[in-house]
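> Residues 17 to 111 (this note's numbering) make up the sequence shown, in order. Cβ atoms here follow ideal geometry from the backbone N, Cα and C, with glycine treated the same way. Starting off with a structure, shown below.
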Amino acid sequence: MTSDWIKSPTARRVLLHWADARPAWLWSSDGETLLWRNTSARFFHGKIKKHGIKLAPEAAPIKGQVSRLIRLGSIGRSSLSRIQFLAGERPISTT
17 MTSDWIKSPT ARRVLLHWAD ARPAWLWSSD GETLLWRNTS ARFFHGKIKK
67 HGIKLAPEAA PIKGQVSRLI RLGSIGRSSL SRIQFLAGER PISTT
């Protein structure tokens with residue numbers, strides 16, 4: 017976490033989600049680049065097996081969805097939104 021945004025005044029709000037059990041992602045303002053995710057987001061939709069945790073394929077939001085949510089949201093405020101992802105070939109969603 018050496019990006020410039022980590023030093024910004026809003027970084028404190030983002031870092032509140034660092035140890036949260038719920039998955040959280042931070043996207044660039046254009047919605048194209050994933051800047052940060054918490055540990056829960058990495059294990060999003062994984063399964064516990066006998067030999068350990070089987071991670072799901074990397075979840076990617078449906079194209080254009082993040083930028084639309086940013087455009088419709090309030091500038092400078094975090095929001096809780098339902099997002100649909102594709103993990104491999106499977107659609108999944110979370111709020």
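Assign I78 to one of three DSSP states: helix, strand, or coil.
I78 falls in the coil class under three-state DSSP.
> Compute the Euclidean distance between the alpha carbons of T55 and P73, then round it to the nearest angstrom.
The alpha-carbon atoms of T55 and P73 are separated by roughly 15 Å.
> Residues in its own chain within less than 7 Å of G104 by CB, not counting five upstream and five downstream?
Around G104: P73.
> Return the residue from the list A40, K66, E48 that minimises the CA-CA distance to S109.
Of A40, K66, E48, the residue nearest in Cα terms is A40.
> Is the separation between the beta-carbon of S97 and that of L85 shorter than 8 Å?
In contact: S97 and L85 (Cβ atoms closer than 8 Å).
> Rounded to whole angstroms, how far is the Cβ of H91 from the Cβ of P77, which I believe are closer than 8 Å?
Per the sequence shown, residue 91 should be read as Ile rather than His. Actually they are not in contact, since the Cβ atoms of I91 and P77 sit about 20 Å apart, beyond 8 Å.
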